[in-house]
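Going down the list, the protein sequences come from chains A and B.
Throughout the first sequence, residue numbering follows the numbering used here, covering 83 to 269 in sequence.
Throughout the second sequence, residue numbering follows the numbering used here, covering 83 to 269 in sequence.
2 protein chains.
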Amino acid sequence: MSDPVSDARMFDAALAVLAQRGYAGATTRKIAEAAGVNEATLFRRFGDKRQLILAAIHADLGQLPKVALTSSGDLEADLIRVVEYYTNVYQHRDGLVGTLLLEGARDPDVAALIKEPLASLSRLGKVLAGYQKSGHLVPEPTDFAVQGLLAPLLMISVLRRVTTSEIAYPDAQTVVQRFLGGRLTAA
Amino acid sequence: MSDPVSDARMFDAALAVLAQRGYAGATTRKIAEAAGVNEATLFRRFGDKRQLILAAIHADLGQLPKVALTSSGDLEADLIRVVEYYTNVYQHRDGLVGTLLLEGARDPDVAALIKEPLASLSRLGKVLAGYQKSGHLVPEPTDFAVQGLLAPLLMISVLRRVTTSEIAYPDAQTVVQRFLGGRLTAA
DNA sequence: GACGCATGCAAGCAAGTGCTTGCATGCGTG
DNA sequence: CACGCATGCAAGCACTTGCTTGCATGCGTC
């Protein structure tokens with residue numbers, strides 16, 4: 083009966099259920115059902131729930147294109163690329179980022195998995211610092227700059243899920259404009 | 083044996099465990115233990131787990147001082163008051179806000195409980211709109227303005243818990259300065 | 001065609017969890 | 001003192017959940 087099941091199908095299901103119901107709520111039975119797979123198959127393949135979920139997260143995060151965190155010299159273009167990237171991250175699995183951030187605070191393994199994506203934040207900081215040094219951006223602590231650029235996106239992604247009214251992600255252009263307002267040097 | 087137990091003690095315990103482990107992880111046994119109370123007492127008093135937790139959240143959120151969301155005419159002073167308030171909210175029970183936002187996305191009752199605090203955001207929007215109209219602030223969609231002011235705090239509160247390095251909340255003065263940079267009219 | 005292998009299926013087990021209950025105990029109030 | 005009342009305690013029940021296992025089945029490979 084039935085073809086061999088792809089890992090991807092189970093990962094998809096696992097992440098969908100995880101994002102929607104959290105780690106504890108993501109029961110192996112629900113994941114199996116969502117994947118259209120027998121529960122036993124999950125265990126035979128991944129050993130236990132934790133490894134399944136960790137593998138799913140790992141595969142998913144690894145699939146994210148590496149951020150184009152380069153200084154091309156064109157400040158605005160660089161920022162737009164970054165904002166588009168993060169908007170994508172928030173959208174690509176609805177609510178997953180929030181869940182991972184929360185769950186990461188409780189589970190060291192999850193924390194380890196999201197470590198690299200988080201590290202990209204400080205890489206972004208360095209890019210911004212470069213533009214500060216070159217005089218394109220007003221100087222400020224790089225943490226502040228990073229927050230100024232990305233925090234609104236995070237806030238939107240969180241609020242979207244708890245409020246009834248539909249909140250849309252603004253386009254990258256707009257986000258960057260807001261960020262640059264007051265930060266451009268009077269060059 | 084033992085004096086009557088105050089609701090507050092159970093609420094404290096419930097919220098502490100809730101913030102740390104989420105709704106599913108906040109078992110009645112753990113809450114009882116944290117409160118130094120017998121599990122049966124929880125049920126006798128509150129009926130079931132859900133009502134206990136909802137009552138705890140309600141009592142706690144109700145205890146938050148009403149935001150001083152008034153336009154005094156002194157823009158900077160108003161903003162500082164607001165930022166201090168929200169910094170407080172994030173700090174006052176470590177991680178609770180994040181948990182509630184996440185849990186609120188899954189549980190309509192929790193969503194209902196945090197509705198009022200969330201509504202204060204749109205009230206803040208109106209205050210800011212007032213300052214835009216009076217020419218103190220550059221015009222922009224009020225949602226953007228609210229996010230510009232508070233999103234960094236939210237991001238910090240989230241990142242604090244997943245990163246090993248200690249991230250401190252900036253003081254209100256700093257937050258407001260960052261917000262005002264680029265938003266003050268050239269009056 | 002025979003074999004191996006991944007899967008489905010169904011039953012089930014052990015642990016955890018929400019919740020109940022009967023009983024004893026101690027405190028305050030009349 | 002007597003009574004009521006809130007609590008502690010311990011046992012336990014029903015259900016969920018992670019995980020296992022034995023068996024049948026179908027697919028690809030040799």
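Every residue gets a Cβ at the ideal spot worked out from N, C-alpha and C, and that includes glycine.
Under 8 Å by beta carbon: chain B residues contacting residue i
i         : result
GLN229(A) : ALA233, PRO234, MET237, ILE238
GLY217(A) : Residues of chain B passing the Cβ test: none, with the nearest at roughly 17 Å.
ARG260(A) : GLU222, PHE226, GLY230
GLY155(A) : Chain B residues near GLY155(A): none, gap ~23 Å exceeds 8 Å.
GLY177(A) : ALA187
Within 8 Å, strictly: CB atoms of residue i and residue j
i         : j         : result
LEU184(B) : ILE139(B) : no
LEU206(B) : LEU151(B) : yes
MET104(A) : ALA193(B) : According to the sequence displayed, residue 104(A) carries Gly and not Met. Taking 8 Å as the Cβ cut-off, GLY104(A) and ALA193(B) do not qualify as a contacting pair.
GLY212(B) : SER153(B) : yes
GLU121(A) : ARG111(A) : yes
ILE249(B) : ARG260(B) : no
GLY186(A) : SER239(A) : no
VAL149(B) : SER202(B) : yes
LEU161(A) : PRO199(A) : no
ALA233(A) : LEU210(A) : no
ALA137(B) : ALA116(B) : no
THR329(A) : ALA90(A)  : Summary: the structure shown does not reach residue 329(A), with chain A confined to residues 83 through 269, and so no result is reported for it.
ALA141(B) : PHE93(B)  : yes
GLN145(B) : TYR251(B) : no
Contacts that residue i makes with chain A (C-beta to C-beta distance below 8 Å)
i         : result
VAL244(B) : LEU183, GLY186, ALA187, ALA193, ILE196, LEU200
Proximal chain A residues relative to residue i, where beta-carbon distance stays under 7 Å
i         : result
GLY207(B) : Chain A residues near GLY207(B): none, gap ~12 Å exceeds 7 Å.
GLY180(B) : LEU184
Where residue i meets chain A, residues with beta-carbon distance less than 9 Å
i         : result
ARG265(B) : GLY263, GLY264
GLY144(B) : Going along chain A, no residue has its Cβ under 9 Å from GLY144(B), so there is no contact; the nearest lies around 19 Å.
Residue i: contacting residues in chain B (beta-carbon distance under 9 Å)
i         : result
ARG132(A) : Those do not exist, as ARG132(A) stays about 15 Å from chain B at its closest Cβ, beyond 9 Å.
Presumed contact (8 Å Cβ cut-off) between residue i and residue j, rounded CB distance
i         : j         : result
ALA108(B) : ILE135(B) : 7 Å
ARG265(A) : LEU235(A) : Contact doesn't hold; Cβ gap of about 17 Å is too wide.
ALA59(A)  : ARG175(A) : No answer is possible for residue 59(A): the residues shown for chain A start at 83 and end at 269.
VAL257(A) : VAL165(A) : 5 Å
Worksheet item: Along the chain, which unbroken stretches of the alpha helix (DSSP H) at least 4 residues long are found entirely within the region 183 to 263 of chain A?
Response: If we require 4 residues or more, the alpha helix (DSSP H) runs fully inside the region 183 to 263 of chain A come out as 190 to 195, 197 to 215, 224 to 244, 254 to 262.
Practice prompt. Closer than 9 Å, Cβ to Cβ, to anything on chain A: give me those residues from the region 99 to 128 of chain B, in chain order.
Written response: Within the region 99 to 128 of chain B, the residues whose Cβ lies closer than 9 Å to any Cβ of chain A are, in chain order, GLN102, ARG103, GLY104, TYR105, ALA106, GLY107.
Worksheet item: What are the uninterrupted segments assigned as alpha helix (DSSP H) that are 4 or more residues long and contained completely in the region 118 to 172 of chain B, given in chain order?
Response: The alpha helix (DSSP H) runs of length 4 or more contained entirely in the region 118 to 172 of chain B are, from start to end of the chain, 121 to 128, 131 to 145.
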